[in-house]
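Participant: Line order of the protein sequences matches chains A and B. Numbering-wise (this note's numbering), the first sequence opens with residue 1 and increments by one. Numbering-wise (this note's numbering), the second sequence opens with residue 1001 and increments by one. Virtual Cβ for every residue (Gly too), placed ideally from N, Cα, C. Note that this is a predicted model, so its numbers are computed, not measured. Shown below is the structure under consideration.
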Amino acid sequence: MSGDPILCVDRLSMRFGGIVAVNDLSFDAERREITALIGPNGAGKTTVFNCITGFYKPTSGAIGLTHDDGRAIRLERLNDFRIAKLAKVARTFQNIRLFPGMTALENLLVAQHNALMRASGLTFLGLIGAPSWHHAEQAAIDLARTWLERIGLLDRADDAAGNLPYGDQRRLEIARAMCTQPALLCLDEPAAGLNARESAALSELLLSIRADQGTSILLIEHDMSVVMEISDHVVVMDHGVKIAEGTPRQIRDDPKVIAAYLGADEEEAIAVMESGT
Amino acid sequence: MDGRSVSAPPAAQTSRAPGAAFILKKALISAFVALVLFSLMIGVRTEAGPQGQLVYWTRFDDLAVMVAAVFGGSILVELLRRWWGPVDTVRVVPPSVQSALSLARRLVAPVLLVFTFLVPVLFYNERYILDLAILVLTYVMLGWGLNVVVGLAGLLDLGYVAFYAVGAYSYALLATNFGLSFWICLPLAGILAAFWGVLLGFPVLRLRGDYLAIVTLAFGEIIRLVLINWQTLTGGPNGVTGIPRPTLFGIPLTPADDGLAALLGIEFSPTHRIVFLFYIILALALLTNWVTIRLRRLPLGRAWEALREDEVACRALGINTTTTKLTAFATGALFGGLAGAFFATRQGFISPESFTFHESALVLAIVVLGGMGSQLGVALAALAMIGGFELFRGFDQYRMLVFGMAMVLLMIWRPRGLVGHRAPTVFLKHSQAISSDLVKEGHG
Chain A
1 MSGDPILCVD
11 RLSMRFGGIV
21 AVNDLSFDAE
31 RREITALIGP
41 NGAGKTTVFN
51 CITGFYKPTS
61 GAIGLTHDDG
71 RAIRLERLND
81 FRIAKLAKVA
91 RTFQNIRLFP
101 GMTALENLLV
111 AQHNALMRAS
121 GLTFLGLIGA
131 PSWHHAEQAA
141 IDLARTWLER
151 IGLLDRADDA
161 AGNLPYGDQR
171 RLEIARAMCT
181 QPALLCLDEP
191 AAGLNARESA
201 ALSELLLSIR
211 ADQGTSILLI
221 EHDMSVVMEI
231 SDHVVVMDHG
241 VKIAEGTPRQ
251 IRDDPKVIAA
261 YLGADEEEAI
271 AVMESGT
Chain B
1001 MDGRSVSAPP
1011 AAQTSRAPGA
1021 AFILKKALIS
1031 AFVALVLFSL
1041 MIGVRTEAGP
1051 QGQLVYWTRF
1061 DDLAVMVAAV
1071 FGGSILVELL
1081 RRWWGPVDTV
1091 RVVPPSVQSA
1101 LSLARRLVAP
1111 VLLVFTFLVP
1121 VLFYNERYIL
1131 DLAILVLTYV
1141 MLGWGLNVVV
1151 GLAGLLDLGY
1161 VAFYAVGAYS
1171 YALLATNFGL
1181 SFWICLPLAG
1191 ILAAFWGVLL
1201 GFPVLRLRGD
1211 YLAIVTLAFG
1221 EIIRLVLINW
1231 QTLTGGPNGV
1241 TGIPRPTLFG
1251 IPLTPADDGL
1261 AALLGIEFSP
1271 THRIVFLFYI
1281 ILALALLTNW
1291 VTIRLRRLPL
1301 GRAWEALRED
1311 EVACRALGIN
1321 TTTTKLTAFA
1331 TGALFGGLAG
1341 AFFATRQGFI
1351 SPESFTFHES
1361 ALVLAIVVLG
1371 GMGSQLGVAL
1381 AALAMIGGFE
1391 LFRGFDQYRM
1401 LVFGMAMVLL
1411 MIWRPRGLVG
1421 HRAPTVFLKH
1431 SQAISSDLVK
1441 EGHG
């Protein structure tokens, strides 16, 4: 592995009691690239995500994040909200976790909490209505507007997030993660439940995020058409260990990958093979 | 429920067709249940006699009236139901009615505010109404304060009275021991209460839902028990007496020569002080309201609501949930403390008796009844709960019964409170209310 990795996962292990969910996993995610983490159900992909984003504390191993300015952060030493706040790692969830009772616009403003908190002088400046706060708020709304436009939801900005169709909610969650202005965006099955057209739009959105924002993306995905189309690098996991990695083309032809998928689920293996042809 | 409503229309028509027999049967069953329930509650009245023995007498006539009322009521409800049709019928409200309703809805708050300002003018000679208005406003303020914790941040706090007590005792002790004036003690009482809010917040940060409720409940009791038992400081069950009254920029509202009445050259009247107290609590309540409304539009307030909606998502967005929860507790406690200081100065005397769980439950009921998170709803609910309770005074011993029934009916009619929908804090084109089905109640 050469180049300039933004994320280095080094010998990561995660145990829950006697169950080893992730075993000695190492991989890198390159800067400004889209890295896909695939594998059959129960392979431990989401566990890896939860370790990277601080929801789990890994049993052993190191997760290093290097920012564009060379600042290196050990993610396994940070916990909870600090990974999103200090390390600038944003994530989405397998089962969408928007704020359903808040509007799409509000969802995007909550995402800018830390920046706005500073701008509002820890609330006090905002409470007295200081001009600097109003500028910051307007800037935040403008950023939110930009993202709503990009995901095609500008018309529904004032609708409750819980009222949006499923596909829109998925895109809104990505936009919300992007509003934190992350260095690394972790997406947990962003295409789950989307139809072919929505998947295509999602691929386009992710490619444009990489191109325009220069955000590195790490994604878990079962939809092989999305994985094959947009990933620069694919890491395949099964039973908590890495069984293969490489470009989408290499992965597609890897017999170990096909075997893993066949062993787990025949349909998925066929999907892997067919999506390349 | 859902399953039935789908298959209901054909079945409902056939089952409701028999009519009279069905209605009568249902009414008879209801009457029988009422008879069983009320036979001891109303049919027999017990009291402790002069020598401590049990004295009881029967009230079968009252019982008969109640059972008859249930019987008649059941028939009435069933007839109304028939007339109204199935629950899921879509009704078209004419646009004129709709616009009138929305206009009324928009006017409620301003009209209520103007009326409140005019209460001392309109009822100057009616001491009872002025006292009641002060009481209602105190609960409006407490409701608004608790609304921050329960309604916005979604943290179920059953010990809110603790902060009320801390505020009241802070003022009472500071004023009686050090002779500090009300206007200096007021912010101090608020800050002390906020400090206790943070102190309570720390241990309960990891708790959610029921567990949080239990610990906050215990906290409320601990404060009360400390107040009872720390006799040297708080005077124990005897409370604190001789708490000074507030002054108008140092001018007391007394009949003395340096009193306000003498300075203005008007005749002294005790009502002056009542009116003064009324405007103090009104100002405090409006301050609470103003701060809360502003906070909702600031990142902190939005984070509270986001916390109520989904705590995990908050953490994924880099929001420090610990400080967010603590600020919610502290802000709620601050307003509780201010209200407490006002309570102390109004009463002139406080004792732990005033800070029982009953108060917490009442304030929480106001918030829930009003619609969690809604400022107007909470104000209306406080008016209904405190004012309504007085209204039912004529019902004598049935007051609680009538009141309880009214609450049950209200919760059936509006399960998410008087104002159930949520108003967005910011909008691009037009602000539209968010249905209560989408808004989460929070679970920790």
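Here's the rule: buried if 16 or more other CB atoms are within 10 angstroms of the residue's CB, otherwise exposed. What is residue 206 of chain A?
Facilitator: Residue 206 of chain A comes out buried.
Participant: Using a C-beta cutoff of 8 Å, does residue 197 of chain A count as contacting chain B?
Facilitator: No, residue 197 of chain A does not count as interfacial toward chain B.
Participant: Pick helix, strand or coil for residue 1317 of chain B, following the three-state DSSP scheme.
Facilitator: In this structure, residue 1317 of chain B counts as coil in the three-state DSSP scheme.
Participant: Between B:1183, B:1178, B:1187 and B:1147, which lies nearest to residue 1166 of chain B when the distance is taken from Cα to Cα?
Facilitator: That would be B:1187, whose Cα lies nearest to the Cα of residue 1166 of chain B.
Participant: Taking Cβ positions only, does residue 1287 of chain B come closer than 8 Å to chain A?
Facilitator: It does not: the Cβ of residue 1287 of chain B has no partner Cβ on chain A nearer than 8 Å.
Participant: Enumerated in chain order, which unbroken segments of the alpha helix (DSSP H) with a length of 4 residues or greater are wholly contained in the region 6-56 of chain A?
Facilitator: Fully enclosed alpha helix (DSSP H) runs of 4 or longer: 45-52.
Participant: By a C-beta neighbour count over all protein chains shown, 10 Å radius and 16 as the cutoff for buried, is residue 1370 of chain B buried or exposed?
Facilitator: Buried: at least 16 other Cβ atoms inside 10 Å.
Participant: Which of the three DSSP states is assigned to residue 1057 of chain B in this structure?
Facilitator: Correct three-state label for residue 1057 of chain B: strand.
Participant: What does a CB cutoff of less than 6 Å around residue 157 of chain A pick up in its chain, not counting 5 residues either side in sequence?
Facilitator: Closer than 6 Å at Cβ, skipping near neighbours: 104, 105 and 148.
Participant: To the nearest angstrom, report how far apart residue 1004 of chain B and residue 1195 of chain B are at their CA atoms.
Facilitator: Confidence is the limiting factor: at residue 1004 of chain B the pLDDT is only 40, short of 50, which leaves the residue's position unreliable, though a coordinate-based value still follows. Near 51 Å, if we compare the C-alpha coordinates of residue 1195 of chain B and residue 1004 of chain B.
Participant: Alpha carbon to alpha carbon, how far is residue 56 of chain A from residue 1152 of chain B?
Facilitator: Each residue's alpha carbon lies about 28 Å from the other.
Participant: Return helix, strand or coil for residue 260 of chain A, following the three-state DSSP convention.
Facilitator: Of the three classes helix, strand and coil, the one that applies to residue 260 of chain A here is helix, per DSSP.
Participant: Is the CB-CB distance between residue 53 of chain A and residue 21 of chain A below 8 Å?
Facilitator: Their beta carbons are not under 8 Å apart, which means residue 53 of chain A does not touch residue 21 of chain A by this criterion.
Participant: Roughly how many angstroms separate the alpha carbons of residue 1445 of chain B and residue 129 of chain A, rounded to a whole number?
Facilitator: As displayed, chain B neither begins before 1001 nor continues past 1444, which places residue 1445 of chain B out of reach and without an answer.
Participant: Hey, out of A:161, A:119 and A:84, whose CA is closest to residue 310 of chain A's CA?
Facilitator: Residue 310 of chain A cannot be examined here, being either before or after the span of chain A that is shown, 1 to 277.
Participant: By alpha-carbon positions, which one of A:181, A:59 and A:210 ends up nearest to residue 34 of chain A?
Facilitator: Selected option, being the one with the closest Cα: A:210.
Participant: Compute the Euclidean distance between the alpha carbons of residue 69 of chain A and residue 11 of chain A, then round it to the nearest angstrom.
Facilitator: Near 25 Å, if we compare the C-alpha coordinates of residue 11 of chain A and residue 69 of chain A.
Participant: Helix, strand or coil for residue 1431 of chain B, going by three-state DSSP, please let me know.
Facilitator: Three-state DSSP puts residue 1431 of chain B in coil, outside helix and strand.
Participant: Quick one: which residues of the region 103-125 of chain A get their C-beta closer than 7 Å to a C-beta of chain B? List them in chain order.
Facilitator: The residues in question are 103, 105, 106, 109, 110, 111, 113, 114, 116, 117, 120 and 123.
Participant: Which runs of the alpha helix (DSSP H) at least 4 residues long sit entirely within the region 126-208 of chain A? Give them in chain order.
Facilitator: You should have 131-150, 166-178 and 196-208.
Participant: How about residue 1227 of chain B and residue 1352 of chain B: are their beta carbons less than 8 Å apart?
Facilitator: In contact: residue 1227 of chain B and residue 1352 of chain B (Cβ atoms closer than 8 Å).
Participant: Can you tell which of B:1097, B:1280, B:1325 and B:1442 has its C-alpha closest to the C-alpha of residue 1201 of chain B?
Facilitator: The option with the nearest alpha carbon to residue 1201 of chain B is B:1325.
Participant: Please classify residue 1269 of chain B: does DSSP put it in a helix, a strand, or coil?
Facilitator: Reduced to three states, the DSSP call for residue 1269 of chain B is coil.
Participant: Are residue 199 of chain A and residue 226 of chain A closer than 8 Å when you measure CB to CB?
Facilitator: Yes. Within cutoff.
Participant: Look up residue 1048 of chain B in the DSSP assignment and give the residues it is bridged to.
Facilitator: Paired residues: B:1054.
Participant: Residue 150 of chain A and residue 108 of chain A: beta carbons closer than 8 Å?
Facilitator: Going by C-beta atoms, residue 150 of chain A is not nearer than 8 Å to residue 108 of chain A.
Participant: When the distance is taken between beta carbons, is residue 1170 of chain B closer than 8 Å to residue 1341 of chain B?
Facilitator: Yes, the Cβ-Cβ distance between residue 1341 of chain B and residue 1170 of chain B is below 8 Å.
Participant: Only counting the same chain, and skipping five residues up and downstream in sequence, which positions put a Cβ closer than 6 Å to that of residue 1031 of chain B?
Facilitator: The answer, listed in chain order, is 1067, 1070 and 1071.
Participant: Using 8 Å as the threshold, is the region 1136-1151 of chain B in touch with the region 1373-1387 of chain B, meaning 3 or more CB pairs across them?
Facilitator: Verdict: yes, contact present.
Participant: Quick check: the region 1335-1350 of chain B against the region 1129-1145 of chain B, are there 3 or more CB pairs under 8 Å?
Facilitator: Yes: the two stretches touch, three or more of their Cβ pairs being nearer than 8 Å.
Participant: What residues in its chain sit with their C-beta under 6 Å from that of residue 1182 of chain B, if we drop five residues either side in the sequence?
Facilitator: Taken in chain order, the residues that qualify are 1246 and 1345.
Participant: Relative to the C-alpha of residue 45 of chain A, which candidate in A:29, A:245, A:237 and A:76 has its C-alpha closest?
Facilitator: Looking at the Cα atoms, A:237 is the closest of the given residues.
Participant: Using a 10 Å radius around the Cβ and a threshold of 16 neighbouring Cβ atoms, would you call residue 135 of chain A buried or exposed?
Facilitator: Answer is exposed; the Cβ neighbour count stays below 16.
Participant: Which whole-angstrom value describes the C-beta separation of residue 203 of chain A and residue 230 of chain A, a residue pair presumed to lie in contact below a C-beta threshold of 8 Å?
Facilitator: The pair is a contact, with the Cβ atoms about 5 Å apart (cut-off 8 Å).
Participant: Decide yes or no for the touch test of the region 1247-1255 of chain B against the region 1106-1124 of chain B: beta carbon pairs closer than 8 Å, at least 3 of them.
Facilitator: Contact between the region 1247-1255 of chain B and the region 1106-1124 of chain B is absent, because fewer than three Cβ pairs lie under 8 Å.
Participant: What would DSSP say about residue 91 of chain A, mapped onto helix, strand or coil?
Facilitator: Of the three classes helix, strand and coil, the one that applies to residue 91 of chain A here is strand, per DSSP.
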